[in-house]
Amino acid sequence: NLENSDLTECFFGETSYLKLGVDITQCAYQPRRRKLAVTLSDSNVCIVDINSQIVVQYLQGHKHTVNAVDFHPNKPLVVTGGLDTTIKVWDENTGICLQEIVQHLGNVTVVRFSKDGSYFASSGEEGDIYIWQTADYVCVQQMRGDHEEIFDLDFDNTNQYLISTNRLGVIAIWDLLRG
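For the sequence shown, our numbering gives the first residue as 50, with consecutive numbering after it.
Structure representation (structure tokens):
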């Protein structure tokens with residue numbers, strides 16, 4: 050439980066460290082809002098304000114470890130994915146889960162918003178990639194992978210291409226306009 054965890058600030062030279070007292074699985078940074086989303090092994094996500102270095106929000110609702118997190122580039126939205134095979138879209142300010150998506154057959158390993166925030170992508174250990182519209186959470190495209198776990202995804206600036214990497218070291222460039 051994060052409310053009882055040891056949130057301490059440590060300084061080593063010019064570097065500032067925050068200790069949350071629980072294992073961290075991933076983090077994402079939102080530079081415009083100066084927020085850090087930290088996924089935790091206890092199935093929670095905390096949002097840290099970088100300026101004040103305090104936890105300003107908890108996202109609670111996954112049933113198992115959260116593996117993936119990303120901030121919307123413009124709106125106060127956070128997308129997460131985890132071992133419970135779900136994707137969740139959260140209101141960053143209130144901590145309310147706006148949408149739960151159950152599509153993946155296994156562990157969700159990565160979620161990523163497009164550069165303009167109009168889409169987000171998700172993938173997992175089964176290797177399939179899904180593209181979702183942010184406005185209504187509708188799946189607009191599915192790409193069948195090679196049955197290898199996807200480690201990372203990223204959109205280009207035009208939303209035409211999606212780049213993926215898998216555990217075998219393969220980098221794929223998907224043309225989203227051609228399907």
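Every residue gets a Cβ at the ideal spot worked out from N, C-alpha and C, and that includes glycine.
query: Span of the beta strand (DSSP E) around A221; result: I220 to D224
query: Cβ contact (3+ pairs, closer than 8 Å) linking the region 193-206 and the region 143-153; result: no
query: Rounded distance between the beta-carbons of Q191 and D177, thought under 8 Å; result: 6 Å
query: Neighbourhood of V168 by C-beta distance below 8 Å, restricted to the same chain and skipping five residues each side; result: The question names Val, yet the displayed sequence has Tyr at residue 168. Excluding positions up to five away in sequence, the list reads F162, I180, W181, Q182, T183, V189, F204 and N208.
query: CA-to-CA distance, L126 to G166, given in whole angstroms; result: 10 Å
query: Straight-line gap, V118 to C95 (C-alpha atoms, nearest Å); result: 11 Å
query: Other residues of its chain near V128: CB distance less than 6 Å, five sequence neighbours each side excluded; result: D119, V138, V160 and F169
query: E149, buried or exposed, once every other Cβ within 10 Å from all chains shown has been counted against 16; result: exposed
query: C-alpha distance - D98 paired with Y186, whole-angstrom precision; result: 27 Å
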